[in-house]
Structures are given as C-alpha cells and as structure tokens.
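Asks: Could you have a look at this structure, given as structure tokens, before my questions?
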Amino acid sequence: MKDASPAKPYALHLGVIALLFALSFVLPDYHHGLLARIMVLAVFAMGYNMLFGYVGLLSLGHAMFFAAGLYGAGLAVIHLGWSVPAAFAVGILCGAVLSLVIGVLALRTSGVAFMIVTMMFAQVFYLVMLYLASWTGGDQGMVVPQPARVLSFGATSLELTNPTVRYMSALALFSIVLLVTLAIVRSRYGRVLVAIRENEERTKMLGYDTFSNKLAAVVVSGTICAASGAAYALLFGYVGSSFASVQYSILPLLWVLLGGAATTLGPLVGTLFMYYVVDITSGYTSAYLLIVGIALILLVLFFPKGILGTIRHRWLGWLP
Amino acid sequence: MMPLLTTKGLSRNFGGLRAVDNVDFALMPGEIRAVIGPNGAGKTTFVSLVSGRIQPSSGMVVFDGADITGLPAYARVRLGVAYTFQITSVFANLSVYDNVALPVQRTLTDGRSKGAVRTGVMAALERTGLADRTHMLAGQLSYGHQRLLEVAMGLALKPRLLILDEPTQGLADSEIDNFIELVREIAKSATVLLIEHNMPVVMHLADRITVFNAGRILAEGTPEQIRANTEVQDAYLGTTHG
C-alpha cells in the first residue's frame with residue numbers, strides 16, 4: 647500500500663493542479679469566481695480532513711480555526727494597516743496558537759465528548775467575536791478595504807481584487823496545501839496517524855506517544871484551516887462572525903464526507919459538488935435545500951465512503 | 315547476575331477484587347519464563363502492570379535496575395518492554411507491511427534512511443514466515459497468521475523483554491510446533507515472559523514456571539518441580555491429596 651510506487655499519486659495530483667490552472671483561461675466569469683472561492687474553502691476542508699479523515703477525531707469546532715485565520719488576517723489589515731503577506735502570516739499564526747491551546751485541552755477527551763468540547767470552544771470563540779463588536783464589527787462584519795488588498799513586489803504590485811490574480815492566489819494556496827497533505831499522509835507520520843485512528847491502544851503499545859501525535863495533528867489541521875480563513879479574508883475582502891458560527895464547523899464535515907474522508911482529493915471533490923448542487927438547484931427552485939438534502943441522502947445510501955472513498959474501494963486502490 | 319525485571323509488593327484492586335496481590339517477582343535476562351494459572355488468577359493483570367497498560371494500586375516495577383512504575387506504557391515500550399495482545403489486535407485495515415512498519419519506524423533513530431524501514435519489516439516478516447503476504451490486509455489473514463503477525467510486530471520493536479499473552483490460543487497443532495521453534499529463536503536475543511494455557515508448550519519452552527492463583531504467586535520452579543508440586547495440582551485440578 648504505502649510502499650507502492652509514488653509516481654501515480656503524484657502524477658494525479660499534479661494533473662488536478664494543471665487542470666485547475668487551465669480552467670482559469672476557459673471558464674466564464676461567474677464560474678471562474680466561484681471556483682476560486684471553492685478552492686479556498688477546499689483548503690478548509692483539507693485541514694478538516696487531516697484530523698477527521700486520518701486521525702478519526704470528529705471535531706465540531708473547526709469554524710474557530712477558520713475564523714481565527716479570517717479575523718487574524720482581516721483585522722491586521724483593517725486596524726493595523728499591515729501588508730497582505732504580514733496579515734496572512736498573522737492569520738496562520740493565530741490559527742496555530744489557537745489550535746495548540748484547544749488541542750491540549752480538548753484531547754483530554756475522546757469520541758462524543760471531544761465533539762462537544764470542540765463545539766463549546768467554537769461557540770465561546772463565536773460569542774467573543776460578537777462581544778468585541780467595536781473591533782470585529784460584530785454580526786455585521788467588516789469589509790477589508792480594496793486599496794489594502796494589494797501584493798507588492800518592489801515596483802510591481804498585484805491587486806487581489808483582480809479575478810485572475812485572485813484565482814491564481816487561491817490555486818497557489820490550494821496546490822501547496824494539497825501537496826503538503828499528500829506528503830504528510832504518505833509519510834511515516836501519516837502511517838502513525840492512521841494507526842491511531844484504527845486502534846489507539848495498540849499504537850501506544852508499539853511505543854508511540856499518541857497524545858503528542860494527536861496534538862500535532864490538531865495543530866496541522868487548525869493551521870491549514872486558518873490559512874484558508876486568512877486567504878478568504880484577503881481575497882474576498884469580508885470578515886464576519888457568520889464564518890465562526892456552528893454552520894461553518896459542520897460544512898467542512900459535510901464536504902469531507904461527500905468527497906471521501908481520508909482521501910487527499912476528497913475535500914476538493916466534496917466542496918465542488920456541494921457548491922454546484924446548491925448553485926444549479928437554486929436556479930430552478932427556492933426549495934433548493936430540499937434537493938440538496940435528498941442528494942446528500944442518496945450519496946450516503948449509495949456512496950457511504952464518499953465519492954472518492956468509494957472509487958478507491960471499488961477500483962483504484964492506490965488513491966492516497 | 316542482576317534480574318532484568320523485578321516487581322516488589324505489586325498489587326492491583328478492581329473495586330473489591332484484589333486481582334494481583336502483593337506479588338514479588340524476578341526475571342533473569344535470557345530466560346524463558348512461563349506464567350500459568352487458572353482463569354482469573356491475575357496473569358493478564360500482572361503482565362498489564364508490567365507493560366504499563368494499567369497502573370498498580372501499590373508496589374513497584376523495576377526494569378533493568380530502573381524504577382518504571384510511573385512510566386506510561388509507550389515509554390516502557392521504548393525501554394524495551396514489548397507486549398503482544400491476548401486478543402489479536404493487529405491493524406485489520408492496514409496491510410501486513412504497514413502493521414510491521416509501525417514498530418520498525420519507531421525504533422529507527424535515523425529519519426533519512428528510506429530503505430531501513432523496508433529492511434526491518436522484511437526481516438521481521440521472514441522470521442515469522444509471513445514474507446510472502448506483505449501486501450495483504452492484516453484482517454484477511456487466517457487467525458494463525460494474525461497471531462504470527464502480532465509476534466512479528468513485537469519482534470520489530472527489538473525488545474529486551476517480550477511479553478506473549480496466550481500466543482498459541484486458537485492455533486492448529488502444526489502451527490504450534492513452528493511457534494515453539496520461533497519462541498526459541500526469539501529467546502536468543504530477548505527475555506521472554508509467556509502466559510500460556512497449553513501445557514505441552516509450557517513444558518517444552520519454559521526454563522522456569524511461575525504459577526499464579528487468586529492474584530498471588532503459588533509456586534515457582536523448573537518444569538519438573540512444578541509438575542511434581544501438589545499445591546499446583548490442587549489449584550488446577552481441584553483435587554485433594556490424602
């Protein structure tokens with residue numbers, strides 16, 4: 647399994663990245679914009695998948711890591727006037743620190759208790775963001791001013807509001823995170839994470855400190871989610887508390903389940919699928935959530951391992 | 315010679331039940347020691363205390379001269395105390411290769427060497443005769459092979475003390491003969507502590523035998539001494555001797 651030739655998976659992942667790059671030149675404006683957003687949110691889903699898919703820890707509080715990146719980057723630009731790269735770094739740092747603290751506390755529990763504890767922390771985070779309305783804009787949120795959303799390299803500057811720049815920035819982040827997660831899950835560390843998911847007690851008896859390994863996974867996962875949030879604030883220019891709400895903790899779980907938990911490309915497939923089902927059905931009826939619900943039920947019935955999970959199970963055993 | 319493992323006054327209560335009761339035990343390096351006793355005698359609890367899976371109510375565990383009573387299980391494994399489970403608990407959804415790669419990669423300090431994991435895995439699989447099943451899922455192996463995989467995982471930890479908890483349970487007779495050979499082979503490089511119900515296996519393998527009954531050590535000695543011990547016969551057979 648793991649020692650199989652690495653060529654196929656890497657070729658597939660690079661192919662997906664190349665395809666997304668090529669799509670930038672052929673997609674109509676509307677889909678171009680939508681796909682940029684989907685790629686950023688797929689990064690969120692990839693971060694979630696790291697913990698849920700590979701370590702088997704179901705968190706219901708990942709909105710706080712996404713929002714930590716979102717607020718960290720957004721507020722650094724709005725209040726401190728920091729440049730885009732510095733704000734992006736601050737956003738990621740906020741997510742890393744928050745996930746370390748939450749990980750130390752929440753990993754004292756497991757199973758259902760872990761779900762509830764992470765959800766509680768996320769609610770606390772959400773309410774604190776509302777409470778600090780004078781800085782965060784409360785439930786109205788805040789717009790990141792357009793002139794600040796510029797990447798400068800010496801004399802040249804790239805405006806992140808430009809659709810092509812925005813798409814390429816989203817693709818760059820997506821590609822880096824995709825290749826990093828692929829490298830992690832194929833590494834020795836990835837093997838340990840899967841072992842913890844399969845049988846934590848046994849993994850301990852092979853000499854692994856499972857708490858430290860799980861904590862590292864929470865931090866990696868939280869940091870990736872924060873990178874997605876920070877990119878979202880800088881690329882789409884809006885910072886709001888709705889992104890910290892419980893809905894945004896459940897969405898990545900849905901995306902990952904749809905696409906296939908513990909598959910590297912599943913988060914992208916799931917996010918893409920969900921967005922387009924909503925997009926297409928809402929064009930026909932205002933009761934589109936009903937159709938989304940039915941689609942989800944059908945998927946769970948016929949593809950219980952998610953789209954890519956089922957494909958891997960039936961046909962392509964080498965999919966990472 | 316200094317014992318590899320000693321326990322002093324080791325006890326563990328489960329509610330009102332004293333599963334292990336004030337056990338003083340010593341194990342010499344290089345020995346094959348069998349632990350026998352009726353069901354519920356506290357054998358598995360005793361080795362769980364040694365391996366750190368459960369904490370003692372009182373008493374201490376000393377390994378190679380150092381007090382390890384307070385160490386968590388994973389840290390004891392790193393010192394060289396390996397435990398193979400009574401109930402087979404290989405990673406059923408992972409390949410045989412990955413099952414053994416987990417202990418192998420943990421013992422490697424050199425993070426670079428990509429070939430080293432493979433070499434270590436194949437060595438452990440050769441010794442247990444599983445080398446031709448590398449890519450099967452562990453859950454698809456026959457029961458006997460899963461038990462061998464357990465042992466391969468224990469071996470791959472390069473233990474100084476290998477604890478085998480009822481390793482021959484559920485094995486066919488032909489498999490048991492191979493198994494006895496395997497344990498002899500292992501004992502050349504490690505001390506073996508073996509919980510076993512199968513008396514022929516115990517009598518063949520063990521240098522010394524410790525008999526547990528009701529949480530206490532009832533008797534200890536060579537296989538011949540134990541065979542001749544009337545107290546042991548009472549505990550096992552429930553007979554009384556005039």
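Protein chains in written order, with this note's numbering: chain V, 647 to 966; chain L, 315 to 556.
We put the beta carbon where it would ideally sit given N, CA and C, even for glycine.
Note that the structure is predicted; figures quoted are calculated from it, not measured.
Flag this pair as yes or no: are the beta carbons of L:Ala380 and L:Gly356 separated by less than 8 Å?
Replies: Translated into positions along the second sequence, residue 380 of chain L becomes position 66. Translated into positions along the second sequence, residue 356 of chain L becomes position 42. Not a contact, by the Cβ cut-off of 8 Å.
Asks: Check the Cβ of V:Ala841 against every Cβ in chain L and list those closer than 9 Å, keeping chain order.
Replies: Here the question's residue 841 of chain V lines up with position 195 in the first sequence. In chain order: Phe405, Leu408, Asp412, Asn413 and Leu416.
Asks: State the beta-bridge partners of L:Thr398 as determined by DSSP.
Replies: Along the second sequence, one-based indexing puts residue 398 of chain L at 84. According to DSSP, which records beta bridges pairwise, L:Thr398 is partnered with L:Leu478.
Asks: Would you check if the distance between the CB atom of V:Phe712 and the CB atom of V:Gly916 is smaller than 8 Å?
Replies: The sequence position of residue 712 of chain V within the first sequence is 66, counting from 1. The sequence position of residue 916 of chain V within the first sequence is 270, counting from 1. No; because the gap between Cβ atoms is not below 8 Å, this pair is not in contact.
Asks: Under a Cβ-count criterion, where at least 16 other Cβ atoms within 10 Å of its own Cβ denotes burial, should V:Ala657 be classed as buried or exposed?
Replies: What you label residue 657 of chain V is simply residue 11 of the first sequence in a count that begins at 1. So V:Ala657 counts as exposed.
Asks: How big is the Cα-Cα spacing for V:Gly727 and V:Gly883?
Replies: Residue 727 of chain V sits at position 81 when you count from the first residue of the first sequence. Residue 883 of chain V sits at position 237 when you count from the first residue of the first sequence. V:Gly883 has its alpha-carbon roughly 14 Å from the corresponding atom of V:Gly727.
Asks: Would you decide whether V:Gly952 is buried or exposed? Buried here means 16 or more other CB atoms lie within 10 Å of its CB.
Replies: Here residue 952 of chain V refers to the residue found at position 306 when the first sequence is read from its first residue. Taking every protein chain shown into account, the CB of V:Gly952 has 16 or more other CB atoms within 10 angstroms, so this residue is buried.
Asks: Name the one or two DSSP bridge partners that L:Val506 has.
Replies: For the purposes of this step, residue 506 of chain L is taken as the residue at position 192 of the second sequence. Checking the DSSP bridge columns, you'll see L:Val506 partnered with L:Ile346 and L:Leu476.
Asks: In angstroms with no decimal places, state the Cα-to-Cα distance between V:Gly783 and L:Leu471.
Replies: As a first step, residue 783 of chain V is located in the first sequence; it is residue number 137 there, counting from the start. As a first step, residue 471 of chain L is located in the second sequence; it is residue number 157 there, counting from the start. Cα-Cα distance, rounded: 56 Å.
Asks: Indicate whether at least one CB of chain L lies closer than 8 Å to the CB of V:Lys850.
Replies: What you label residue 850 of chain V is simply residue 204 of the first sequence in a count that begins at 1. Judged by the 8 Å Cβ criterion, V:Lys850 is in contact with chain L.
Asks: Do you know how far the Cα of V:Ala941 is from the Cα of V:Glu844?
Replies: Counting from one through the first sequence, the residue named residue 844 of chain V turns up at place 198. Counting from one through the first sequence, the residue named residue 941 of chain V turns up at place 295. The alpha-carbon atoms of V:Glu844 and V:Ala941 are separated by roughly 30 Å.
Asks: Tell me which residues share the same chain as L:Pro386 and place their Cβ nearer than 7 Å to its Cβ, disregarding the 5 neighbours each side in the sequence.
Replies: Mapped onto the second sequence, residue 386 of chain L falls at position 72. Once the five neighbours on either side are set aside, the close Cβ partners of L:Pro386 are Gly366.
Asks: Mind checking whether V:Val736 and V:Ala879 have CB atoms under 8 Å apart?
Replies: If you number the first sequence from 1, residue 736 of chain V lands on position 90. If you number the first sequence from 1, residue 879 of chain V lands on position 233. In this structure, V:Ala879 does not lie closer than 8 Å to V:Val736 by Cβ.
Asks: Taking all protein chains shown into account, decide if L:Pro473 is buried (16 or more other Cβ within 10 angstroms of its Cβ) or exposed.
Replies: Stepping through the second sequence from its first residue, residue 473 of chain L is reached at position 159. It is buried - the Cβ of L:Pro473 has at least 16 other Cβ atoms within 10 Å.
Asks: What are the start and end residues of the alpha helix (DSSP H) that includes V:Ala732?
Replies: If you number the first sequence from 1, residue 732 of chain V lands on position 86. Start and end: Val730 to Ala752.
Asks: Just curious, the beta strand (DSSP E) that L:Asp338 is in, first and last residue?
Replies: Position 24 of the second sequence holds residue 338 of chain L. Where L:Asp338 is concerned, the enclosing beta strand (DSSP E) stretches over Leu331 to Leu341.
Asks: Between V:Glu844 and chain L, is there a C-beta pair that is closer than 8 Å?
Replies: The sequence position of residue 844 of chain V within the first sequence is 198, counting from 1. Chain L contact via Cβ: present.
Asks: Taking buried to mean at least 16 other C-beta atoms within 10 Å of its own C-beta, is V:Val840 buried or exposed?
Replies: Here residue 840 of chain V refers to the residue found at position 194 of the first sequence. Flag for V:Val840 reads buried.
Asks: Return the chain-ordered list of same chain residues with a C-beta closer than 6 Å to the C-beta of V:Ala877, the five sequence neighbours on each side being excluded.
Replies: On the first sequence, residue 877 of chain V is found 231 positions in, with the first residue counted as 1. Within the same chain, V:Ala877 has close Cβ partners Val686 and Leu819.
Asks: Let me see if you follow: with CB-CB separation under 8 Å, is L:Arg420 close to chain V or not?
Replies: Translated into positions along the second sequence, residue 420 of chain L becomes position 106. Taking CB atoms only, L:Arg420 has a neighbour in chain V less than 8 Å away.
Asks: For V:Val838, would you say it is in contact with chain L, using Cβ-to-Cβ distances shorter than 8 Å as the test?
Replies: Numbered from 1 along the first sequence, position 192 holds the residue referred to as residue 838 of chain V. So, interface residue.
Asks: Apart from the five residues just before and just after V:Trp901, which ones in its own chain have a Cβ nearer than 7 Å to its Cβ?
Replies: Looking up residue 901 of chain V in the first sequence gives position 255. Around V:Trp901: Ala691, Pro913, Gly916, Thr917 and Met920.
Asks: Does L:Arg392 get closer than 8 Å to chain V when you measure Cβ to Cβ?
Replies: Taking the second sequence and counting its residues from 1, the one referred to as residue 392 of chain L is at position 78. Yes, contact with chain V.
Asks: Could you tell me whether any Cβ in chain L is nearer than 8 Å to the Cβ of V:Met647?
Replies: Here residue 647 of chain V is taken as the residue at index 1 of the first sequence, counted from 1. The predicted model places V:Met647 with a pLDDT of 41, which falls under 50 and marks its position as unreliable, so this point remains unresolved.
Asks: Pop quiz: V:Ala709 and V:Ala890 are said to be a contact at Cβ under 8 Å. What is the actual Cβ separation, rounded to whole angstroms?
Replies: Residue 709 of chain V sits at position 63 when you count from the first residue of the first sequence. Residue 890 of chain V sits at position 244 when you count from the first residue of the first sequence. The pair is a contact, with the Cβ atoms about 5 Å apart (cut-off 8 Å).
Asks: For the beta strand (DSSP E) containing V:Val796, name the first residue and the last one.
Replies: If you number the first sequence from 1, residue 796 of chain V lands on position 150. Run containing V:Val796: Val796 to Phe799, per the beta strand (DSSP E) assignment.
Asks: In this structure, does DSSP put V:Met692 in helix, strand or coil?
Replies: Your numbering for residue 692 of chain V matches position 46 in the first sequence. If DSSP states are grouped into helix, strand and coil, V:Met692 belongs with the helices.
Asks: Report back the beta-carbon spacing between L:Ala348 and L:Val516 to the nearest angstrom; my notes put them in contact at under 8 Å.
Replies: Mapped onto the second sequence, residue 348 of chain L falls at position 34. Mapped onto the second sequence, residue 516 of chain L falls at position 202. Right, the Cβ-Cβ distance comes to about 4 Å (below 8 Å), so this counts as a contact.
Asks: Would you tell me roughly how many angstroms separate the C-alpha atoms of V:Met814 and V:Leu825, rounded to the nearest one?
Replies: Here the question's residue 814 of chain V lines up with position 168 in the first sequence. Here the question's residue 825 of chain V lines up with position 179 in the first sequence. In this structure, the alpha-carbon of V:Met814 lies about 16 Å from that of V:Leu825.
Asks: Using the C-alpha atoms, what's the distance from L:Gly529 back to V:Lys654?
Replies: In the first sequence, residue 654 of chain V corresponds to position 8, counting from 1. In the second sequence, residue 529 of chain L corresponds to position 215, counting from 1. Rounded to the nearest angstrom, the two C-alpha atoms are 56 Å apart.
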